[in-house]
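Everything below concerns the one structure shown next.
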Amino acid sequence: MVHFNVQRLKDKSTPDWKRHQPQWAEAVERIQQILNELPLTRTFKWGSDVYTHNGKNIVSYGGFKNHFAIWFYNGVFLSDEDGVLVNASEGKTKALRQWRFSSADEMNATKIRQYVQEAIQNAVQGKEVKQEKRKGQEPAGLLKEALTKNSELHKAFNSLTPGKQREYMEYVDEAKQEKTKMARIEKITPLIFAGRGLHDKYRR
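Position in the sequence shown counted from 1, then plus 68, gives you this note's numbering.
Written out as structure tokens, the structure reads:
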């Protein structure tokens, strides 16, 4: 897990990699240079930089303890001719695929650019994994991703009562558009950290 996600979420700004994780500063510079040359929009979601195309999430990146990774939100559709992509959570993750590097020297700009360009083309063609209707009481979709990428937020969410958890899950799921779901996740994040329920103010 990226160690400074909580502070990034609070600040809503890109972190200083040279200060927080200096070992990945060069990798960040390389991937940003590649992505900035492509028809992508740099946004900030879930405490991370997320690059989108026409509103669709395409790729993001982060530094971990033992590796640096870039991940494709619908990477399952990539041809992956070089066999570099991995599913970080076999049996759970359907769409997202990671490409991991142990150092910046392993990052081949030409290859990375090819993968990102294919991901953009797939998005243009409408290739994406549709979220299934959730039957159980586990977070799904964008809320699940936000919790997975932020261990402190996940911990705070799990400390809530089942009723409060259900309120938040339903609140996010009811939104039809991704941008609305994201706005709702941003809205409920401080409430979750505070241990409050979505409708607590109406219960007083």
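Heads up, the beta-carbon is just placed ideally off N, CA and C, and yes, glycines get one too.
Item: Proximity below 8 Å, CB of N155 to CB of R168; Value: no
Item: C-beta contact flag for E246 and L210 at 8 Å; Value: yes
Item: Local conformation of G123 per DSSP, three classes; Value: coil
Item: 8 Å contact criterion, which E186 and S147 should meet: CB distance rounded; Value: 7 Å
Item: DSSP bridge partner residues for Q166 (one or two, in chain order); Value: W139, V154
Item: Spatial neighbours of A224 in its chain, beta-carbon cut-off 8 Å, leaving aside the 5 residues before and after; Value: I260, F261, G263
Item: 8 Å contact criterion, which V144 and S128 should meet: CB distance rounded; Value: Rounded, the Cβ-Cβ distance is 16 Å, inconsistent with contact.
Item: Check whether L106 and I188 have beta carbons under 8 Å apart; Value: yes
Item: Sequence-distant residues of its chain with Cβ nearer than 8 Å to H267 (five each side left out); Value: E235
Item: Cβ shell of K78 (< 6 Å), same chain only, five flanking positions each side left out; Value: The pLDDT assigned to K78 is 39, lower than 50, so where the model puts this residue is not dependable, and the model offers no usable value.
Item: S116 classed as buried or exposed, judged by whether at least 16 other C-beta atoms fall within 10 angstroms; Value: buried
Item: Start-to-end residues for the beta strand (DSSP E) that takes in Q264; Value: The question names Gln, but residue 264 in the sequence shown is Arg. Element bounds for R264: n/a, residue is neither H nor E.
Item: Whole-angstrom distance between D241 and P207, CA atom to CA atom; Value: 9 Å
Item: Start-end ranges of the beta strand (DSSP E) lying completely within the stretch 193 to 261, minimum 3 residues; Value: none
Item: Rounded C-alpha distance that separates I256 from Y239; Value: 9 Å
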